[in-house]
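See structure below.
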Amino acid sequence: MNMNPLSSATNLISSAQQKADTAAQTIARLPVQNQEVGGLEPIKSTDLFKPVLSLKEAELETSAATKVIKAQDEMIGSLLDINA
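Be aware that the sequence shown starts at 1, since it is given in UniProt numbering, and climbs by one per residue.
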């Protein structure tokens with residue numbers, strides 16, 4: 001099985017973007033606090049837990065993917081000895 005690190009990292013970044021988008025939409029759809037103008041009902045902390053956790057996961061996945069890309073660039077650079 002041939003694994004392409006750049007392709008894997010790109011797929012991970014794309015997946016993280018989708019995860020962050022879904023989480024942001026979920027947060028945006030939550031009802032406004034009842035003390036605010038147009039507010040309906042209070043937001044429970046449990047309503048925010050999953051989407052905020054998804055945002056953090058997306059952040060960590062993106063960070064990991066960028067490290068994979070950087071490591072691949074460094075590896076290719078050392079194989080080609082560009083600095084020589």
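Every residue, glycine too, gets a C-beta built ideally from N, C-alpha and C. Every value quoted in this text rests on a predicted model; they were computed, and no experiment measured them.
- For K19, the uninterrupted alpha helix (DSSP H) run begins and ends at 5 to 29, by DSSP.
- In the structure shown, K44 adopts coil according to DSSP, grouped into three states.
- Residues of the same chain with a CB within less than 6 Å of the CB of E59, apart from the 5 flanking positions on each side, do not exist.
- In the assembly as shown, S54 is a buried residue. Its beta-carbon has 16 or more other beta-carbons within 10 Å.
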